[in-house]
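Residue numbers (this note's numbering), protein chains in the order written: chain A, -7 to 407; chain B, 90 to 376; chain C, 456 to 769.
For each residue, glycine too, the CB sits at the ideal point set by N, CA and C.
Inspection log for the structure reproduced underneath, given as structure tokens.
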Amino acid sequence: MRHTKRWIAAAAASASALVFAGCGSGGDGGDVVLTYATWSEDQKPAMEGIAEAFEAEHPDVDVQVQVLPWPEYWSTLQVGAAGRTAPDAFWMLADQFPAYAEGGQLLDIADAVADADVDLSAYPESVMDLYDTGEAIYGLPKDYDTNGIWFNKALFDDAGVPYPDDTWTWDDAHAAAQALTDADAGVWGIAAPIDRQGGYYNSIYQAGGQVIGDDGTAAIDSPEAVSGIEFWTRMQADGLSPTLQQLSDTEAVQMFMDGKVAMYFSGSFWAQRLYGDEEFRPNVGVAPLPTGEQRASMISGILNAGYAGTEHPEELAEFLVFASGEEAARIQAESGAVLPAYEGTQQAWLDAMPEFDLQVFVDAVDYSVPLPIAGNAAEWTGLETEYLTPAWNGEQSAAEAAAAYNAAIDEVLAE
Amino acid sequence: MTEPSLKPRKAAGSKATRRGEWILHLALAIAAAVMVAPFAWQLLTAFKTTGEASETPPTFWPAEPTADAFATFFDSVPVWSQFTVSVSALVLRVVGQLAVAALAGYAFARLRFPGRSILFGLFIAMLMVPSQLFLIGQFELIRDLELLDTIPALAIPGMFSAFGVFLMRQAFMSIPGAYEEAARLDGAGPLRTFWSVMLPMVRPTLGALAVLTSLYSWNDLLWPLIVSPRGDNRPLTVGLAGLQGQYGTDYPTLMAGALVASLPLIVIFLVLQRQFFNGIASSGLKG
Amino acid sequence: MTSESTAAARAAGPPARRRRRAGGLGPSPWWGYAMIAPAFIGLAALYLWPFLKTFTKSFMDTPAFGPGTWTGLDNYTELLGDGEFWQAFGNSAVYTAILLLGVPIAIVLAALVQQLSRGRAVYRVLYFLPVVTLPVAVSMVWRFIYNGDFGLLNWALSLVGIPGQYWVADATYAIYAIGVVGIWMSLGINLIILGAGLQSIPPELYEASSLDGAGRVRQFFRITLPLLSPSVFLVTVLTVISALQMFDLVFVMLRSVDNTALDDSKTIVYLFYEKAFVQFDQGYGAAIAIVLLGVIMIATALQFRLQRRWVFYD
């Protein structure tokens, strides 16, 4: 009962807060309306908080946050931009970025960045590289994600295997996966899907290979890159992971949360979801990815970008700078939703989930590699499952599959 | 529920027919069970807790039935405003579609004018074009009409379906010419003939078209997203899809949302289906 | 519904026209134009014009944004050598064939429902439920049923000793699995059209043949099927068109995070969507759509040609 009452009181308080906030910022008050398109319902409260903070400084501007469903996000944005009416501000990803930037769809905010004296070194360099086009600045990073090992402590304890730590090598990871796999109990040591961002790109760079070489052509058939792929195909061949089909039916993170896989190599973005499951929470551990020839973790991040055809370029540029700035980063961090990009604001995110050793993801920035992007990345990454599945299924060697995929990537890049 | 026109045949009610009827019911009920099973699963899941719904292997009956999922759905989606948008768009689209399709269907079926078959062929050809192909062009038109973010934007393209015209033409063609002749001899003009004589006779088909149009309108997702760049006037499907976007593992809430969202459609069907089926027998189509 | 339609029009047409001319009462052609005007304007602006634009784009190399450059038939020749295109084509054909199997099922069910003296509406409503279920819910429920590890289907199969499969995660089965869902979703609408056709068959015909000693089965083949054939034709034509255009089931059922079956199970329209709206290649996508349109037109024309052999107009 007491809980209920407190809950009602809290709801009433926040409702009235909303009403007052609404009076202050929304509706008739703003002369300039900016729309801000995102795809995450989870992050909506944080984004609205940022919008409100911006409106407090700019009473004549009304920022409207809208959430588009992820499966339709890019087609909606594309049709809108092609039809000259995209949202003013929107989230952008690195693989989509080149098409929009080269197509002249993004607002150059270099002047606003200069006016506001933004310290560009406050953002992880590798994320800035993802969106680097030379002269223009088409937005600033909002957040970033790096990778680590999410592991199930209970399964490690049951198998008597020591927890992963920063001394782990590839061999340690493989040996642990072997010791943790218990076919009778339906438990696998690791989840090995064809996952570029959380999986095989990392091991390719850990082996000293590259996906796209320095000359701008595909390099995924080099011996180093192939050994990076073999890290995963060996897991499959030795039966240490659910098959690709099983992972299609039930996605890896779900298998991890169901206690069916002991290790899941993936991104910091799962933190909030894993933390949200209170029963499962105490079982979750985090460790850095194992070392191959060297340390490496993919890094990616969302860009707050603006539409070139906006009616209010000045206000929009100011908003974009603000939305990726320090205050906005703090609002994001406190919500726990994502790791904000702005240097020095990450502590609040770590504090939001003290039981998890999330520092791992912040440390990973030091050895992070920007997600490889070249040419029509959306097209050649789309070919990935077609070419790599035979290697994961054991129908082809990793070298054969990599060679075929390499040729396919080059063909796309040559267009 | 019995259809009057068929009563005489069954009136005998002998033991044999009654047993036959039971066997029929059994067969149809089995088929119905297969058809309804996924829907029933949706219903059961909506009353489970999030934990129970993602258990593997799954439980059948909810262990502790709860309506929390419905509460979550109503809390996180602006159900009423989106519901209003969905309904307004639906009404506009259905009314527009019925008017446009009935007029054109009648003209194609009963009036003679040069170029009739070519024009009709053009309509039919459009029926065969995948709808995704029109997206960009339709969007540009709505933008140029300055209708973005409005309810008419949601409804307009669907008002002009070639399918509706086709269906109405078929319906009008099936009406014996004598009715028209009689009206004409009474001195009724084409509009009056259409409105007072012909239209009432195709009411069942209008009902069917209304059901189908409602269906398409209610389930539409991509188009409403595209024509509301500012986020105003979005229908319920958008809210539901947004729910799925929250990492999509809260199955009970998703199922509860889907149930609530499809309820109006089921009501529309329930209301119109009798008129649709029973109307045909009395439409002067046969005997 | 269509039954007599064409036949009646064909038969009644010429004399009616003669009468009208004789009486001088025939409405002027302008009435016809006026009545189709709203439909025609909407069609031209919202369908024809966008279609022509896409048609033009199919001859262009299009960047993500901005105007394209004319490349003639390049997109089409590339298409012919594109294995992905042919595979998608094959998938769409298989899917269409599966959905056509749903037509006889619908006929039998419609005929059975028609036999009932009470409770017809109940069955119609139950069979119609899948039609009104939102695609999001459809995908979630069926993905659970098809799950290879703990799905309902594999559990049911195990009872009769048939080994289970990863139905939507295995490219060998995915398109069939989706086909079953397609039948499930379209059955309700087919039943409506067929039910309406059955309703229009005069009961006297059955009574007369009963007096002649004909059984139910014989009546079905001698009376029901022939008289229902115009409705069956309509259902078949619509099924083929919509099946060849299938997009949403692939979108909601196969497009999950790690689904390796998606690549080999794309349909034509899905491929078009992917090219045009994901990979920024509107021109190539347009060419795919135009070829599909050609196929649909040929398939439909063929059916209209063949209908003379099996559709019965009295």
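Here methionine 248 (chain B) has Arg182, Gly185, Gln186, Val189 as same chain residues with Cβ atoms under 7 angstroms from its own Cβ, once five neighbours each way along the sequence are excluded.
Residues of the segment 605 to 629 of chain C with a C-beta atom less than 9 angstroms from some C-beta of chain B are Phe605, Leu607, Trp610, listed in chain order. The residue among B:Ser351, B:Glu110, B:Val286, B:Trp169 with its C-alpha nearest the C-alpha of glycine 266 (chain B) is B:Val286.
With a threshold of 9 angstroms between beta carbons, proline 37 (chain A) makes no contact with chain B. Here the C-alpha atom of threonine 342 (chain B) lies approximately 34 angstroms from the C-alpha atom of glutamate 376 (chain A). The beta carbon of leucine 122 (chain A) sits closer than 6 angstroms to the beta carbons of Ala86, Pro362 from its chain, once the five residues preceding and following it are set aside; these are given in chain order. For leucine 224 (chain B), the residues of chain A that pass the 9 angstroms Cβ criterion are Ser67, Val71, in the order they occur in the chain. Here DSSP, grouped into helix, strand and coil, assigns proline 484 (chain C) to helix.
Interface annotation, serine 306 (chain B): not in contact with chain C, CB-CB separation never under 9 angstroms.
In this structure, the alpha-carbon of serine 233 (chain A) lies about 23 angstroms from that of tryptophan 610 (chain C).
For serine 240 (chain A), the neighbours in chain C by C-beta distance under 8 angstroms run, in chain order, Tyr621, Val623, Ala624, Ser711, Asp713, Asn714, Thr715, Ala716. By alpha-carbon distance to glycine 284 (chain A), the top candidate from A:Asp163, A:Ala48, A:Ala333 is A:Asp163.
Leucine 172 (chain A) places its beta carbon less than 9 angstroms from that of alanine 151 (chain A). Your pair valine 705 (chain C) and isoleucine 633 (chain C) checks out as a contact, with CB atoms roughly 7 angstroms apart and the cut at 8 angstroms.
Check the Cα spacing between tryptophan 130 (chain B) and each of B:Leu348, B:Leu354, B:Leu359, B:Pro353: the tightest is with B:Leu348. Residues of chain B with a Cβ closer than 7 angstroms to the Cβ of glutamine 700 (chain C) are, in chain order, Pro219.
When 9 angstroms is used as the limit between beta carbons, isoleucine 315 (chain B) is near these residues of chain A: Glu64, Ser67, Thr68, Val71, Gly72, Gly75, in chain order. Within chain C, Thr715, Asp718 have C-beta atoms less than 8 angstroms from the C-beta of threonine 381 (chain A), given in sequence order. Counting only the Cα atoms, leucine 312 (chain A) lies some 13 angstroms from alanine 106 (chain A). The straight-line gap separating the alpha-carbon atoms of aspartate 269 (chain A) and proline 364 (chain A) is approximately 33 angstroms. Under the Cβ criterion of 9 angstroms, threonine 326 (chain B) is counted among the residues facing chain C. DSSP places aspartate 250 (chain A) outside both helix and strand once states are collapsed to three, so it counts as coil. Proximity of glycine 95 (chain A) to chain C, defined by a Cβ-Cβ separation below 9 angstroms, is satisfied. When the beta-carbon positions are compared, glutamate 319 (chain A) and alanine 45 (chain A) come within less than 9 angstroms of each other. Proline 585 (chain C) and serine 686 (chain C) have their C-alpha atoms roughly 21 angstroms apart. Secondary structure of glutamine 758 (chain C) (DSSP, three-state): helix. When rounded, the separation of the alpha-carbon atoms in aspartate 667 (chain C) and glutamine 674 (chain C) is 11 angstroms. The continuous alpha helix (DSSP H) containing glutamine 264 (chain A) extends over residues 263 to 268.
Within chain C, the residues whose beta carbon sits less than 7 angstroms from that of valine 254 (chain B) are Ala494, listed in sequence order. In terms of beta-carbon proximity, phenylalanine 544 (chain C) stays away from the interface with chain A, with every pair separated by 9 angstroms or more.
Looking at C:Val690, C:Ala698, C:Ile743, the one whose alpha-carbon comes closest to that of glutamine 762 (chain C) is C:Val690. In the DSSP assignment, alanine 128 (chain A) falls outside any beta strand (DSSP E), carrying neither H nor E. Cβ neighbours of glutamine 35 (chain A) within its own chain (closer than 6 angstroms, five residues either side excluded): Ala329. Comparing C-alpha distances from valine 580 (chain C) to each of B:Met215, B:Asp233, B:Ala116, B:Ala121 shows the shortest one belongs to B:Ala121. Around the CB of aspartate 109 (chain A), fewer than 16 other CB atoms lie within 10 Å, so the residue is classed as exposed.
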